[in-house]
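Right, one structure below, let's go through it.
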Amino acid sequence: ENKSNGLTLDESSNILLENVDKLNISSNEAAARLEETAAAIEQITSNIRNNTYSIAKMSELSNDVTKSANLGEDLANQTTIAMDEINVQVNLVNEAISVIDNIAFQTNILSLNAAVEAATAGEAG
Numbered sequence: 009e010n011k012s013n014g015l016t017l018d019e020s021s022n023i024l025l026e027n028v029d030k031l032n033i034s035s036n037e038a039a040a041r042l043e044e045t046a047a048a049i050e051q052i053t054s055n056i057r058n059n060t061y062s063i064a065k066m067s068e069l070s071n072d073v074t075k076s077a078n079l080g081e082d083l084a085n086q087t088t089i090a091m092d093e094i095n096v097q098v099n100l101v102n103e104a105i106s107v108i109d110n111i112a113f114q115t116n117i118l119s120l121n122a123a124v125e126a127a128t129a130g131e132a133g
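First residue of the sequence shown: 9, per my numbering; consecutive thereafter.
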């Protein structure tokens, strides 16, 4: 019976050793997978950091574009105001030219009248 118990114990210890070996293999595989998972998480974290930086940079550039657009709008408004003022000044110049043209026309008429009067006076002697 001792021999039988010894054989059973031997078989049990062999089975136990096999199971321990299987457990070691499984543990090693799990550790390898865990390392792969950790590496993947680290890569994801790095990507998130890069994306966060890119988003912040895009936001900054977007703000710069908005400021530039607002400045462009202000300059366009100032240009419109300046063009309106130029238009007012051109209208004033046109009015002045019209007045000068009328004065020149009247001066020509007076000159012609004076010439006619002089000619008439010259004939009458």
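Where is the CB? At the ideal position from N, CA and C, for every residue including glycine.
#1: How long is the line joining the alpha carbons of residue 109 and residue 117, rounded to whole angstroms?
#2: May I have the straight-line CA-CA distance separating residue 95 from residue 101, to the nearest angstrom?
#3: Expressed to the nearest angstrom, what Euclidean distance is found between the alpha-carbon atoms of residue 74 and residue 54?
Looking at the atomic coordinates:
#1: 12 Å
#2: 10 Å
#3: 30 Å
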